[in-house]
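Peer 1: Take a look at this one; I'll ask things after.
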Amino acid sequence: MEITTPEFWIAVGQIIVIDILLGGDNAVVIALASRRLPQTQRRQAIFWGVFGAVALRVVMIFFALKLLQIPYLKLGGGLLLLWIGIKLLLPQHEGEGHDIKASTHLLGAVRTIVLADAVMSLDNVIAIAAAAKDHLGLVIFGLLVSVPIIVWGSKFVLKLMDRFPIVIVGGAALLGWIAGDMIAHDVAIHDKVTALLPGPLAWAAPVAGALLVVIIGKVLAARQRPQVAPAGPVDLAHRDGE
Amino acid sequence: MQTLLIAVDGSPFSERALDYALGRVAASREPLQLRLLNVQLPLAGVNVKIFISAESQQEYHREEGMAVLARPRERVTQAGVPCQHHIGVGDPGQVIADYARTTNCTEVIMGTQGRGAIAGVVMGSVAHKVVRLSPVPVVLVK
């Protein structure tokens, strides 16, 4: 990929969107996990949490670039991205999920944050690697862009997603797109894919990935929505009969 | 009785909106009721969805909202004005207008812009939306 080609700049755009989608709310997760700590410890936990999120990405990406050459690992990475894309489109269920507990002591909070950091970095790193298509310059660019987004991005990202819901649908489609592309490029199946989809049909895999994510996401979301839609505005100030 | 809905977000603009509302109460012959409303942005990110349960998110919104409401509530209490407080989650313009409608407020009072607005704009996007959607008169305080 040369810097003058449109493919290069498309990859640049994809990487920025991925970093916003997958890195933008890391700081919120970290803040939530440390909110029960005393003020000074809380600041420490947030600092080290953000530091860890950045450091883990740097370490992981170099492993990822090597590991993704191993058969079936791109397939696995692609499936993970498909799942993340679908998850992005789903509303949240009451009582669902692997809840992060806000620990009251520093060690507990740090443990939760490191764990969350690891998972949050993993999907971001895989997505960057997939979009960069092994172009080292783009990989490093992806890392550099993710840092300010992780550190300062959360408020901006939340506003962006809230004001333009299309960002979420577009982001999910993009994740599906690069997931499909990544799966098709897995060492183990790449030859079969090129035999099945020669030259001009190569775009079918990313298109299929994008459609898969948006359709499954929309169908599941439509099935879930009636249960979560509140009647009228919810008033959190008086939940406990305060 | 007239009920004034005051949107607060902790910005200097919303402080001035509160100044104005308290001035109105002081100048009014009949008693006025105040409602303070803070709106929290939803946590839309995919990592938040994966890691944080809906209950924890609500608790977080509640804590953040109560923190923003603390100072305005104190000021209103000091002024000796009866007042209720509320926390909503969602698109601020939409939520403020919905509250005005469902809680039968007679007027909405808010700053022309709040936190995060581009400095120097005449009217922020939230104010714009409230003016468009609110069923009752809206006072924008500069």
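These protein sequences, in sequence, are chains A and B. Just so we're aligned: the first sequence equals residues 176 to 417 in my numbering. Just so we're aligned: the second sequence equals residues 8 to 149 in my numbering. No residue lacks a Cβ here, since even glycine has one placed at the ideal position from N, Cα and C. Just so we're clear, the structure is a prediction, and the values are computed from it rather than from any experiment.
1) Can you round the beta-carbon distance between VAL115(B) and VAL145(B) to whole angstroms, since I take them to be within the 8 Å contact cut?
2) Between ARG23(B), ARG122(B), ILE103(B) and CYS112(B), which lies nearest to VAL138(B) when the distance is taken from Cα to Cα?
3) List, in order along the chain, the chain B residues whose C-beta lies closer than 8 Å to that of ASP366(A)?
4) Here's a check: name, in chain order, each residue in its chain whose Cβ is nearer than 6 Å to the Cβ of GLY224(A), leaving out the five neighbours to either side.
5) Using a Cβ-Cβ distance cut-off of 8 Å, determine whether LYS308(A) contacts chain B.
6) Which residue comes first and which comes last in the beta strand (DSSP E) that contains ALA14(B)?
7) Look at the alpha carbon of LEU242(A) and the alpha carbon of LEU248(A), and state the distance between them as a whole number of angstroms.
8) Do the CB positions of LEU11(B) and LEU41(B) come within less than 8 Å of each other?
9) Which same chain residues, not among the five before or five after VAL46(B), have their C-beta less than 6 Å away from its C-beta?
10) Less than 8 Å between CB atoms is the rule here; does PHE58(B) satisfy it with respect to chain A?
11) Along the segment 206 to 225 of chain A, what residues have a CB closer than 9 Å to any CB found in chain B?
12) Within this structure, are the beta carbons of VAL322(A) and ALA239(A) separated by less than 8 Å?
13) Could you please give the first and the last residue of the uninterrupted alpha helix (DSSP H) stretch that includes HIS280(A)?
14) Determine which residues share a DSSP beta bridge with ILE116(B) and list them.
15) Roughly how many whole angstroms lie between the Cα atoms of LEU265(A) and PRO340(A)?
16) How many Å lie between ALA228(A) and GLY72(B) at the Cα?
17) Based on DSSP bridge pairs, tell me the residues matched to ARG42(B).
18) Within the same chain, show all residues whose beta-carbon is closer than 6 Å to that of GLN216(A), passing over the 5 residues directly before and after it, in chain order.
19) For a contact meaning CB atoms closer than 7 Å, what does ILE94(B) contact in chain A?
20) Inspect the beta-carbon positions of VAL285(A) and ALA230(A) and report whether they are closer than 8 Å.
21) Just to confirm, is the Cβ distance from VAL314(A) to ILE303(A) under 8 Å?
22) Check distances from the C-beta atoms of the segment 67 to 79 of chain B to those of chain A and list, in chain order, the residues that come in under 8 Å.
23) Strictly by DSSP, which residues pair up with GLN47(B)?
24) Identify, in the order they occur along the chain, each residue of the same chain with its Cβ nearer than 6 Å to the Cβ of LYS149(B), setting aside the five sequence neighbours on each side.
25) Quick one, which residues of the segment 290 to 317 of chain A are near chain B if we go by CB-CB under 7 Å, in chain order?
26) Since I believe GLY52(B) is in contact with ILE388(A) (beta carbons under 8 Å), could you give me their beta-carbon distance rounded to a whole number of angstroms?
27) Could you check what DSSP says for ASN54(B) in three-state terms: helix, strand or coil?
28) Return no unless some Cβ of chain A is closer than 8 Å to the Cβ of PRO49(B).
29) Kindly indicate if chain B contains any beta-carbon less than 8 Å away from that of ILE325(A).
30) So, under 8 Å CB-CB, LEU43(B) and PRO79(B) are touching, yes? Tell me the CB distance rounded to an integer number of Å.
31) What is the C-beta distance between MET117(B) and ALA14(B), in whole angstroms, given that I count them as a contact (C-beta under 8 Å)?
32) Counting only C-beta atoms, is GLN402(A) closer than 8 Å to chain B at any point?
33) Where does LEU263(A) land, buried or exposed, given buried means 16+ other C-beta within 10 angstroms?
34) Compare the C-beta of VAL137(B) with all C-beta atoms of chain A and state if any pair is closer than 8 Å.
35) Output the distance between the C-alpha atoms of ASP356(A) and ASP26(B), rounded to the nearest integer angstrom.
36) Express the C-alpha separation of SER329(A) and ASN201(A) in angstroms, rounding to a whole number.
Peer 2: Concretely, from the data shown:
1) 5 Å
2) ILE103(B)
3) By Cβ distance, chain B contributes nothing, its closest Cβ being about 33 Å from ASP366(A), past 8 Å.
4) ILE205 and ILE288
5) no
6) Where ALA14(B) is concerned, the enclosing beta strand (DSSP E) stretches over 9 to 14.
7) 7 Å
8) Contact check for LEU11(B) against LEU41(B) passes: the beta carbons are separated by less than 8 Å.
9) GLY95, PRO99 and VAL102
10) yes
11) ALA206, LEU207, ALA208 and ARG210
12) no
13) For HIS280(A), there is no enclosing alpha helix (DSSP H), as DSSP marks it with neither H nor E.
14) In the DSSP output, where bridge partners are listed per residue, ILE116(B) has ILE13(B) and VAL146(B).
15) 12 Å
16) 27 Å
17) Partner(s): LEU12(B) and GLN91(B).
18) Counting only Cβ-Cβ distances below 6 Å, and skipping sequence neighbours, we find LEU281.
19) Against chain A, the beta carbon of ILE94(B) has neighbours under 7 Å at ASP410, LEU411 and ALA412, listed in chain order.
20) no
21) yes
22) TYR67, HIS68, ARG69, GLU70, GLY72, MET73 and LEU76
23) Paired residue(s): VAL96(B).
24) THR119
25) ALA291 and MET295
26) With the sequence shown as reference, residue 388(A) is identified as Val, and Ile is not the correct amino acid for it. Rounded, the Cβ-Cβ distance is 17 Å, inconsistent with contact.
27) helix
28) yes
29) no
30) 5 Å
31) 4 Å
32) In this prediction, GLN402(A) has a pLDDT of 46, which is less than 50 and means its spatial position is unreliable; what the coordinates show is noted afterwards. Not one chain B Cβ lies under 8 Å of GLN402(A).
33) buried
34) In terms of beta-carbon proximity, VAL137(B) stays away from the interface with chain A, with every pair separated by 8 Å or more.
35) 57 Å
36) 7 Å
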